[in-house]
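Engineer: Residue numbers (our numbering): 68 to 130.
Note that CB positions come from ideal geometry on N, CA and C, so glycine has one too.
The structure displayed is predicted, hence computed values, not measured ones.
Take this structure first; my questions come after.
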């Protein structure tokens, strides 16, 4: 196994997928990442913000 260079589907930048990361992903049964670390973090922030908004909307409906 060797370090792979993958291309991010969101920003088209190349990023390294290290041997250590590959082993971690394989142990957990995950597919290789499609996004670079920066885009993965941005996606997580957007998802978290959306969940908070949904919760606030549900809370307003109960009043």
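(1) Is the beta carbon of residue 89 sitting closer than 7 Å to the one on residue 68?
(2) Under a three-way DSSP split, which group does residue 71 fall into?
(3) Using a 10 Å radius around the Cβ and a threshold of 16 neighbouring Cβ atoms, would you call residue 78 buried or exposed?
(4) Quick one: residues in its chain with C-beta nearer than 8 Å to the C-beta of residue 72, no 5 flanking neighbours on either side, listed in chain order?
Structural biologist: In this structure, then:
(1) It is a contact, given that the beta carbons lie within the stated cut-off.
(2) In this structure, residue 71 counts as strand in the three-state DSSP scheme.
(3) Under this definition residue 78 is an exposed residue.
(4) Result list for residue 72: 81, 82, 83, 84, in chain order.
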